[in-house]
Amino acid sequence: MTKDSESSVSDNGVIERGVWSRKIEYLLSVLGYIVGLGNLWRFPYICLRNGGGAFLIPFFICLVFCGIPLFFLETAVGQFTGQGTLHVWEVCPIFKGVGVGMLISMTIFCIYYNIIMAWSLYYIASSFAVPLPWTSCNNEWNSEYCTDDRSTLNLTSQVMQGINSTNSTPNWITAQEEFWQEDVLGMSSGIEEIGTINWKLMLCLLGAWVVVGLCIIKGVKSLGKVVYVTATIPYILLTVILVRGLTLDGSIDGIKVYLSPDFSKLLELQVWLEAAIQVFYSLGPGWGPLFTMASFNKFNNNCLRHGTDYYSDSVLLSLAGEGTSLYSGFIIFTVLGFMSTSFSLPIDKLVKSGPGLGFIVYPEALAQLPGQNVWAFIFFVMLLTVGLDSQFAYCEAVIVACTDKFKKLRKRRILFVVAFCIANFLLGLIMVTQGGIFVFQLVDWYIAAFSPAVFGLIECIVFGWIYGFDRFSKDVHLMLGRGIPMFFRICICFITPAILLGLFVYSLTSYKPPSYGSYEYPLLAAVFGTFLSILPLIPIPICAVGIVLHAPGDTLKDKIATALKPTPKWKPVSKELQDSYYDSDSESSRSLIETIKLNVMGRT
34 MTKDSESSVS DNGVIERGVW SRKIEYLLSV LGYIVGLGNL WRFPYICLRN GGGAFLIPFF
94 ICLVFCGIPL FFLETAVGQF TGQGTLHVWE VCPIFKGVGV GMLISMTIFC IYYNIIMAWS
154 LYYIASSFAV PLPWTSCNNE WNSEYCTDDR STLNLTSQVM QGINSTNSTP NWITAQEEFW
214 QEDVLGMSSG IEEIGTINWK LMLCLLGAWV VVGLCIIKGV KSLGKVVYVT ATIPYILLTV
274 ILVRGLTLDG SIDGIKVYLS PDFSKLLELQ VWLEAAIQVF YSLGPGWGPL FTMASFNKFN
334 NNCLRHGTDY YSDSVLLSLA GEGTSLYSGF IIFTVLGFMS TSFSLPIDKL VKSGPGLGFI
394 VYPEALAQLP GQNVWAFIFF VMLLTVGLDS QFAYCEAVIV ACTDKFKKLR KRRILFVVAF
454 CIANFLLGLI MVTQGGIFVF QLVDWYIAAF SPAVFGLIEC IVFGWIYGFD RFSKDVHLML
514 GRGIPMFFRI CICFITPAIL LGLFVYSLTS YKPPSYGSYE YPLLAAVFGT FLSILPLIPI
574 PICAVGIVLH APGDTLKDKI ATALKPTPKW KPVSKELQDS YYDSDSESSR SLIETIKLNV
634 MGRT
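Residues 34 to 637 in this note's numbering are what the sequence shown lists, from first letter to last.
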């Protein structure tokens, strides 16, 4: 047993954490985490809606000034402490509630995100049917208003414009939409009607959790091997689909629509805010997995080896993740261009965001190709592997947070992982009922509404101002042999928190009630969703009050001051440095001007 690849046993009999056996395993795991389904089915839609090619300007500006600095901060903290989401907040114990809130967010995410894996498995299994079941209206779930020709919908729409609106007109629906709604989901009329469990979808959900459980059963030892496949296959399959898409009629027209810039959009504040939102939520800071995955790095991970350093990892991974978003846009719009030509419909009438793109529009396009079964299989395997990598990261982060807190669980990790997967499977059953899609949409609508931006903002405040960026830079110097560049200092202390504050305010002011298509959620569901959005934030004040009350000190001011200081548990993971590590600035008192100078310039 080597400590590099798996856990070792300490003198007191507690199993210690291991580290990634190879650097490439860490890189692939993080890349798999940040390249999620949102990169594939949200970015192209957001790009088209906000000026096409012109949207790339605010997108990359926000990436440089918000995404990359926060990405670096979380990975550096995780690597320095060798701890997961809960324990990194020993740096400022008054904010330990942030770690608890992240744990809540990730747990909810694990439950509902695996539903998408279940849908993907359902479509993979259906891809073996000849002909594809979503290509015709001759199935038992089809209604009399089903049509297998979208151009019929376009023609009908044009004709009906000249008919008096009081006349009764049929609500035509495509075969793809009906397959999705009636066969896959068995969809009810709304969240008020949960209905029965779709047993076929339940088996797919069970299969998804079995796959996840087997892949994370031994932590980084097993996960590090799985990502060689799951993090690389999507790029191979995406490229295969792109090459095929470029041979289709109208594909170039689709790309032109995708990249054609509308520079007037740059004058709209909402475009810049949506760019920041897309960067923030696609890179994934403010959730917790970045802390966890970096915590398994070696303490001086790739400091100067092969001419690269730690900052290169953060920059290259961030660029690779967002580059994948851009790349996926070409793949989506080549096919949308083909559909636009085939059905004589404008692309903006075809493009959708979210599951509608992945499970309705794209399957419809694939059905037009020769060898439709092969292309459908390739596409849904790609969706599955993209989603699994993100799911691995969230599940592992939750499990590691628990085993870090209760170290005896490390001896029973396999049993704990099995129990975790079973519990999440059972909690997810409500989303494979007839009303499950409405529950899924409600959770998806609210779970990331506020909390990730708030968590990211608190990270910047804690490490930039409370703990102090100069002190944090010294910690990084201890780890890497060099401090943090001035660019990261300025971003994390000033620019990044300003952007995150803007995102939070925008989220509050632009709130819209949840909906699914034409369905509007009842008030009670919206109230529950609002509670769900603030649930991860509730531990912050609760933990802060508890920690202050139990902190040593004669007065409330003394207690708060103590709760703002690092605990003895805040230390480097390197045992050689732990005994000699101390914070020489812990008792220092500086003016605001002196703090700003140190944050910007460092110690001169």
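Glycine included, every Cβ here is placed at the ideal spot set by N, Cα and C.
Keep in mind the model is a prediction, meaning the values are calculated, not measured.
- prompt: Where do the ends of the alpha helix (DSSP H) carrying residue 563 lie?
  reply: For this step, residue 563 is matched to residue 530 along the sequence shown. Residues 556-567.
- prompt: Using a Cβ-Cβ cut-off of 7 Å (strictly less than) and excluding sequence neighbours within five positions of residue 292, which residues of its own chain qualify?
  reply: Translated into positions along the sequence shown, residue 292 becomes position 259. 85, 86, listed in sequence order.
message: Within a Cβ cutoff of 6 Å, which residues of the same chain sit near residue 83, ignoring the five residues on either side of it in sequence?
response: By 1-based counting over the sequence shown, the position of residue 83 is 50. Cβ neighbours of residue 83 beyond the five flanking positions: 298, 304, 307.
task: Buried or exposed for residue 339, please, with buried defined as at least 16 other CB atoms from any protein chain shown within 10 angstroms of its CB.
output: Here residue 339 is taken as the residue at index 306 of the sequence shown, counted from 1. Per-residue confidence for residue 339 stands at a pLDDT of 38, beneath the threshold of 50, marking its modelled position as unreliable; the derived number appears in the next sentence. By the neighbour-count rule (16 or more Cβ atoms within 10 Å), residue 339 is not buried but exposed.
- request: Using a threshold of 8 Å, state whether the C-beta atoms of residue 406 and residue 163 are closer than that.
  value: Locating residue 406 in the sequence shown gives position 373, where the first residue counts as 1. Locating residue 163 in the sequence shown gives position 130, where the first residue counts as 1. Yes, these two residues count as a Cβ contact at 8 Å.
message: Taking 7 Å as the cut-off, is the C-beta of residue 360 nearer than that to any heavy atom in the ligand HEM?
response: The ligand content of the structure shown is nil, which means the ligand HEM is not present either.
message: Just list the residues that DSSP pairs residue 230 with in beta bridges.
response: Counted from its first residue, the sequence shown places residue 230 at position 197. The partner list for residue 230 (beta bridge, DSSP) reads 466.
message: So if DSSP puts residue 548 in a beta bridge, which residue, or which two residues, is it bridged to?
response: Taking the first residue of the sequence shown as 1, we reach residue 548 at position 515. Residue 548 pairs with 553.
message: So, for residue 639: in the same chain, excluding its five sequence neighbours on each side, which residues have a beta-carbon less than 7 Å away from its beta-carbon?
response: Here the chain covers residues 34 to 637 and nothing more, so residue 639 does not appear.
query: By how many angstroms is the C-alpha of residue 474 removed from the C-alpha of residue 426?
result: Numbered from its first residue, the sequence shown carries residue 426 at position 393. Numbered from its first residue, the sequence shown carries residue 474 at position 441. About 22 Å.
message: Between 168, 433, 463, which has its C-alpha nearest residue 329's C-alpha?
response: In the sequence shown, residue 329 corresponds to position 296, counting from 1. It is 433 whose Cα lies nearest to the Cα of residue 329.
Distance, residue 439 Cα to residue 50 Cα: As a working note, residue 50 is residue 17 in the sequence shown. As a working note, residue 439 is residue 406 in the sequence shown. Residue 50 and residue 439: Cα-Cα distance of roughly 13 Å.
- request: Please report the residue range of the alpha helix (DSSP H) in which residue 406 lies.
  value: Translated into positions along the sequence shown, residue 406 becomes position 373. Taken as a continuous stretch (DSSP letters only), the alpha helix (DSSP H) holding residue 406 covers 405-438.
message: Measuring alpha carbon to alpha carbon, tell me which residue in 523, 503, 239 is nearest residue 155.
response: The residue labelled residue 155 in the question sits at position 122 within the sequence shown. Cα-wise, what sits closest to residue 155 is 239.
field: Pairwise C-alpha distance: residue 575 and residue 583
entry: As a first step, residue 583 must be located in the sequence shown, where it is residue number 550. As a first step, residue 575 must be located in the sequence shown, where it is residue number 542. Taking the straight line joining both Cα atoms gives about 13 Å.
- request: Kindly confirm or deny that the region 60-80 and the region 416-423 touch, where touching means at least three C-beta pairs closer than 8 Å.
  value: yes
message: Just verifying my parser: in three-state terms, what is the DSSP assignment at residue 20?
response: Because residue 20 is not part of the residues shown, which for the chain are 34 to 637, the question remains open.
Whole beta strand (DSSP E) elements within the region 340-383, 3-residue minimum: none
task: Sort out for me which residues DSSP pairs residue 180 with in a bridge.
output: In the sequence shown, counting from the first residue as 1, residue 180 sits at position 147. Residue 180 pairs with 207.
- request: Figure out for me which residue from 176, 152, 540 has the closest Cα to the Cα of residue 389.
  value: As a working mapping, residue 389 is identified with position 356 in the sequence shown. Closest option to residue 389, Cα to Cα, is 152.
message: Below 8 Å on the Cβ atoms is my contact criterion, and I expect residue 396 with residue 174 to pass it. Report the Cβ-Cβ distance as a whole number of Å.
response: Within the sequence shown, the letter at position 363 stands for residue 396. Within the sequence shown, the letter at position 141 stands for residue 174. With 8 Å as the limit, residue 396 and residue 174 do not qualify as a contact, their Cβ atoms being about 15 Å apart.
Distance CB(residue 96)-CB(residue 312) smaller than 8 Å: Your numbering for residue 96 matches position 63 in the sequence shown. Your numbering for residue 312 matches position 279 in the sequence shown. Against a cut-off of 8 Å, the Cβ pair of residue 312 and residue 96 comes out as a contact.
- prompt: Is residue 135 near residue 488, with beta carbons less than 8 Å apart?
  reply: For this step, residue 135 is matched to residue 102 along the sequence shown. For this step, residue 488 is matched to residue 455 along the sequence shown. Yes; because the gap between Cβ atoms is below 8 Å, this pair is in contact.
query: Can you give the beta carbon distance from residue 123 to residue 600, rounded, assuming they're within the 8 Å contact cut?
result: For the purposes of this step, residue 123 is taken as the residue at position 90 of the sequence shown. For the purposes of this step, residue 600 is taken as the residue at position 567 of the sequence shown. Yes, they are in contact, since the Cβ atoms of residue 123 and residue 600 sit about 5 Å apart, within 8 Å.
- prompt: Three-state secondary structure (DSSP) at residue 123?
  reply: Here residue 123 refers to the residue found at position 90 of the sequence shown. Helix.
query: Run through DSSP, which three-state label would residue 600 get?
result: Reading the sequence shown from its first residue, position 567 is the one you call residue 600. Note: residue 600 maps to coil in three-state DSSP.
- prompt: Taking Cβ positions, are residue 228 and residue 461 nearer each other than 8 Å?
  reply: Position 195 of the sequence shown, counted from the start, is the residue given in the question as residue 228. Position 428 of the sequence shown, counted from the start, is the residue given in the question as residue 461. Not a contact, by the Cβ cut-off of 8 Å.
message: I'd like the list of long-range same chain contacts for residue 539, defined as Cβ closer than 7 Å, with 5 residues on each side in sequence excluded.
response: Numbered from its first residue, the sequence shown carries residue 539 at position 506. Correct list, in chain order: 306.
query: Should residue 641 and residue 69 be called a contact, given that it needs their Cβ atoms to be closer than 8 Å?
result: The structure shown does not extend to residue 641, since the chain is modelled only from 34 through 637, so no value can be given for it.
query: Relative to the alpha-carbon of residue 231, which residue among 214, 225, 104, 320 has its alpha-carbon at the smallest distance?
result: For the purposes of this step, residue 231 is taken as residue 198 along the sequence shown, with counting starting at 1. Nearest of 214, 225, 104, 320 to residue 231, Cα basis: 214.
message: Only counting the same chain, and skipping five residues up and downstream in sequence, which positions put a Cβ closer than 6 Å to that of residue 121?
response: As a first step, residue 121 must be located in the sequence shown, where it is residue number 88. Once the five neighbours on either side are set aside, the close Cβ partners of residue 121 are 110, 114, 324.
- prompt: Out of curiosity, what's the CA-to-CA distance linking residue 273 and residue 442?
  reply: Translated into the one-based positions of the sequence shown, residue 273 becomes position 240. Translated into the one-based positions of the sequence shown, residue 442 becomes position 409. When rounded, the distance between both Cα atoms is 43 Å.
- prompt: Are three or more beta carbon pairs between the region 527-543 and the region 483-502 nearer than 8 Å?
  reply: yes
- prompt: So, residue 62 versus residue 260, is the Cβ gap smaller than 8 Å?
  reply: If you number the sequence shown from 1, residue 62 lands on position 29. If you number the sequence shown from 1, residue 260 lands on position 227. Cβ atoms of residue 62 and residue 260: closer than 8 Å.
- request: Just the C-alpha distance for residue 421 and residue 263, rounded to the nearest angstrom, thanks.
  value: For this step, residue 421 is matched to residue 388 along the sequence shown. For this step, residue 263 is matched to residue 230 along the sequence shown. In a straight line, the C-alpha of residue 421 is about 7 Å away from that of residue 263.
- prompt: With a CB to CB cut of under 6 Å and the five nearest residues on each side skipped, what residues in its chain are close to residue 188?
  reply: In the sequence shown, the residue the question calls residue 188 occupies position 155. Caution applies to residue 188, whose pLDDT of 45 falls short of 50 and renders its modelled position unreliable; the model cannot decide the point.
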